[in-house]
Amino acid sequence: MLSHLPTLGVGLGFRQPFKSDLFLNRQQVDFLEIVAEHYLDAPLEKHQELEVLAAHFPIIPHAINLSLGSAEGLDIDYLRKLAALIQQLNPPWWSEHICFTKAGGIDIGHLSPLPYTQEAVKILCRNIAQVRRWIDVPLILENITYMVQLPGAEMTEAQFLTEVLERSECGLLLDITNLHTNAVNYGYDVDDFLQQLPWERIVQLHFVGGHWHDGILIDSHSQSTPVEVWELMNKVVACASVKGIVLERDENLPTFAELSGELQQAREIGRSHGKWV
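Under my numbering, the first residue of the sequence shown is numbered 140, with each subsequent residue one higher.
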């Protein structure tokens with residue numbers, strides 16, 4: 140199923156401040172990724188904004204609060220709204236994170252890591268199966284950064300990701316910045332991590348730069364992409380059938396020319412491996 144997904148190319152995470160510049164530079168952006176929550180229970184002007192964006196770009200919805208790892212199950216009201224948005228856009232795929240954001244009925248407001256256990260895999264796959272009853276568009280799952288490693292692991296993070304992807308039959312949104320950030324903060328080998336992943340399931344990449352704070356690398360989406368992440372991108376694109384790459388800048392927004400430069404660099408990496416024109 141994943142092999143039949145279309146190749147979209149190089150995209151940008153849409154942020155309202157650069158909306159005007161985006162339309163002045165449409166030829167530099169192949170597609171857009173939107174934060175789904177920005178358009179759920181949204182005012183009329185946000186719905187109109189989405190209609191304009193969808194008229195000019197392919198749109199990939201990226202959800203952040205479905206909480207696929209919640210043991211108590213999913214919020215059906217939220218799921219219903221998300222399903223309606225995805226049906227409206229009819230994208231080739233959509234994405235969410237391998238994490239939980241709700242526990243005991245409380246929204247914790249953060250992408251929280253799961254324990255790397257068979258029980259967590261079972262919960263994720265159960266919730267994903269429920270999502271599929273509402274949304275038949277292919278779902279791809281994103282790896283997150285984390286500030287703590289939960290105790291009781293029964294496998295490595297890479298083995299956990301692989302188990303979830305294989306059992307759920309989902310694709311992978313490999314955030315190479317998140318991968319780099321975790322590798323730096325916890326001292327593991329990126330190449331060893333990559334070798335444990337199911338490369339055939341990699342559909343999309345995220346990339347951006349973060350910042351250092353008290354000796355910890357923070358995934359703040361606030362800086363230009365560092366050389367280590369560009370090197371990671373080159374490795375992954377060379378070996379995987381990546382369908383799309385998204386620059387995900389949220390803070391300290393630069394000029395659009397700087398964003399365009401990073402998009403062009405990503406495009407050239409894809410071209411060097413014959414991925415897109």
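Glycine included, C-beta positions come from ideal geometry on N, C-alpha and C.
* Reduced DSSP category for Leu147 - H, G, I as helix; E, B as strand; rest coil -> Here residue 147 corresponds to residue number 8 of the sequence shown, with the count starting at 1. In the structure shown, the three-state DSSP call for Leu147 is coil.
* To do: List in chain order: all unbroken alpha helix (DSSP H) runs of 4+ residues lying wholly within the segment 234-258.
  => Within the segment 234-258, no complete alpha helix (DSSP H) run reaches 4 residues.
* To do: Return the chain-ordered ranges of every beta strand (DSSP E) run that is complete within the segment 357-402 and spans a minimum of 3 residues.
  => For the segment 357-402, whole beta strand (DSSP E) runs of length 3 or above, ordered along the chain, are 383-386.
* **Within the segment 265-310, ranges of the beta strand (DSSP E) (whole runs, at least 3 residues)** => 278-281
* Asked: Three-state secondary structure (DSSP) at Gln335?
  -> Here residue 335 corresponds to residue number 196 of the sequence shown, with the count starting at 1. If DSSP states are grouped into helix, strand and coil, Gln335 belongs with coil.
* Cα-Cα separation between Lys241 and Ile357, rounded to whole angstroms -> Numbered from 1 along the sequence shown, position 102 holds the residue referred to as residue 241. Numbered from 1 along the sequence shown, position 218 holds the residue referred to as residue 357. Rounded to the nearest angstrom, the two C-alpha atoms are 22 Å apart.
* **Option in Glu305, Gly349, Val149 and Ala210 with minimal Cα separation from Thr284** => Against the sequence shown, residue 284 aligns to sequence position 145. Closest option to Thr284, Cα to Cα, is Gly349.
* Alpha-carbon to alpha-carbon, Glu258 and Gln227 -> If you number the sequence shown from 1, residue 227 lands on position 88. If you number the sequence shown from 1, residue 258 lands on position 119. Straight-line Cα distance between these residues: approximately 34 Å.
* Asked: Taking buried to mean at least 16 other C-beta atoms within 10 Å of its own C-beta, is His236 buried or exposed?
  -> Within the sequence shown, residue 236 is the residue found at index 97, counting from 1. It counts as buried.
* Asked: If we count the other Cβ atoms within 10 Å of its Cβ and call it buried at 16 or more, is His319 buried or exposed?
  -> Counting from 1 along the sequence shown, the entry for residue 319 is found at position 180. Buried: at least 16 other Cβ atoms inside 10 Å.
* To do: Buried or exposed for His360, please, with buried defined as at least 16 other CB atoms from any protein chain shown within 10 angstroms of its CB.
  => Taking the sequence shown and counting its residues from 1, one reaches residue 360 at position 221. Residue environment for His360: buried (at least 16 other C-beta atoms within 10 angstroms of its C-beta).
* Report the three-state DSSP secondary structure of Asp216 (helix, strand or coil). => Reading the sequence shown from its first residue, position 77 is the one you call residue 216. Three-state result, Asp216: helix.
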